[in-house]
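Beneath this line is the structure, given in structure tokens, with notes to follow.
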Amino acid sequence: MHHGNKSEILDCIVPRDLDKHRPVTTAAVLDGAVLVQMLRPGGAVTTGQYFTDVLAPYILSWFDRNNRIDIVWDVYSKTSLKSDIREQRGTGARRRVTLSTKVPGNWAAFLRVDLNKQELFVELAKSLKHMTFPQGKELFTTIRDGCVTSTAGINTNALAPCTQEEADTRLFLHVAAATLAGHRRVMVRSSDSDVVVLAIAAFVALEQRMDELWIFHLSISLNLANK
Numbered sequence: 007m008h009h010g011n012k013s014e015i016l017d018c019i020v021p022r023d024l025d026k027h028r029p030v031t032t033a034a035v036l037d038g039a040v041l042v043q044m045l046r047p048g049g050a051v052t053t054g055q056y057f058t059d060v061l062a063p064y065i066l067s068w069f070d071r072n073n074r075i076d077i078v079w080d081v082y083s084k085t086s087l088k089s090d091i092r093e094q095r096g097t098g099a100r101r102r103v104t105l106s107t108k109v110p111g112n113w114a115a116f117l118r119v120d121l122n123k124q125e126l127f128v129e130l131a132k133s134l135k136h137m138t139f140p141q142g143k144e145l146f147t148t149i150r151d152g153c154v155t156s157t158a159g160i161n162t163n164a165l166a167p168c169t170q171e172e173a174d175t176r177l178f179l180h181v182a183a184a185t186l187a188g189h190r191r192v193m194v195r196s197s198d199s200d201v202v203v204l205a206i207a208a209f210v211a212l213e214q215r216m217d218e219l220w221i222f223h224l225s226i227s228l229n230l231a232n233k
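Numbers 7 to 233, taken from my numbering, label the letters of the sequence shown in order.
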């Protein structure tokens with residue numbers, strides 16, 4: 007069976023004359039796995055230092071233009087239908103991950119092991135939970151099937167528990183929650199072509215509650231707007 011490149015679908019649905027102006031949004035939903043793949047450890051020695059020196063500053067930078075940030079992390083199950091596909095992409099060494107664990111020399115190989123990623127994502131999400139954010143700013147982060155927020159008293163029943171394994175669909179639960187909280191212009195950050203397709207369907211379903219849904223996908227920014 008021939009397996010096509012699903013990113014080719016973007017040639018069919020993304021216009022060539024993309025709007026180049028900087029998006030104005032009040033909420034952003036970020037794919038946590040994409041951030042970890044993109045943000046290399048650099049000089050960080052431990053997982054804790056990676057969080058403090060690399061990930062946390064990046065997350066805080068999103069608050070410069072948004073009042074709400076949601077981080078959605080993948081969940082990896084041994085019984086997943088996609089586990090075999092992930093194994094075909096290659097494997098690395100299994101390492102126990104805590105905040106004091108030394109950052110591996112081969113970051114890409116480390117991230118090929120599902121259990122490595124699962125433990126890393128949980129540690130990073132827990133650390134986000136304990137951060138202090140500027141007044142008026144809110145952060146939501148998933149932890150496995152749960153969701154926690156930086157603001158006391160916020161009801162997250164609409165977001166958790168969640169049985170969706172991958173972030174691509176779960177991202178849009180958070181988009182919907184942001185619109186219910188009054189955010190009419192939302193950005194989604196991902197590198198998955200599936201997310202672009204899902205965004206079109208989500209915007210149609212949510213268009214009464216939002217004006218713009220921006221998709222920041224690698225080198226393009228796609229704007230779905232209510233005309």
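Ideal placement from N, C-alpha and C gives every residue a C-beta, glycine not left out. Source: prediction; values computed, not measured.
Strictly by DSSP, which residues pair up with residue i?
i: M193; result: A34 and W220
i: L230; result: L219
i: V154; result: T147
i: K123; result: According to DSSP, K123 bridges with nothing at all.
Take residue i as the anchor and find which of the options has the nearest alpha-carbon.
i: A114; options: A33, L45, V202 and V30; result: L45
i: T147; options: F139, S156, V42 and P140; result: S156
i: L177; options: D120, T53, A207 and A158; result: A207
i: K84; options: D70, N72 and L121; result: L121
i: E144; options: A173, A211 and D70; result: D70
i: I65; options: H180, K135, E213 and I221; result: K135
i: T174; options: N161, A182, L204 and L130; result: With the sequence shown as reference, residue 174 is identified as Asp, and Thr is not the correct amino acid for it. Out of N161, A182, L204 and L130, L204 has the C-alpha closest to the C-alpha of D174.
i: A182; options: M216, V30 and W79; result: M216
i: I77; options: M193, L219, Q55 and Y56; result: M193
i: D151; options: Q124, G111 and V201; result: Q124
i: I243; options: L230, Q214 and L179; result: Because the chain spans 7 through 233 in this model, residue 243 falls outside it and cannot be assessed.
i: Y82; options: E213, T31, G54 and Q170; result: Q170
i: V201; options: P29, D37, R28 and V30; result: D37
State the DSSP-derived secondary structure class of residue i, mapped to helix, strand or coil.
i: F139; result: coil
i: F146; result: strand
i: V210; result: helix
i: K132; result: helix
i: K84; result: coil
Determine the extent of the beta strand (DSSP E) in which residue i is found, giving its start and end residues.
i: D76; result: R74 to V78
Assuming residue i and residue j are in contact, meaning their beta carbons sit under 8 Å apart, how far apart are those beta carbons, in whole angstroms?
i: A164; j: V35; result: Not really, about 14 Å apart at Cβ, beyond 8 Å.
i: V40; j: S196; result: 6 Å
i: R118; j: G142; result: Their Cβ separation, rounded to whole angstroms, is 40 Å, which puts R118 and G142 out of contact at 8 Å.
i: A33; j: H189; result: 4 Å
i: V109; j: T52; result: 6 Å
How far does the alpha helix (DSSP H) with residue i in it reach, from first residue to last?
i: T52; result: Unbroken run through T52: none, as it is neither H nor E.
i: I65; result: A62 to W68
i: A173; result: A173 to L186
i: F116; result: W113 to F116
Counting contacts by CB-CB distance shorter than 7 Å, is residue i in contact with chain B?
i: A173; result: Of the protein chains in the structure, only one exists, and it is not chain B.
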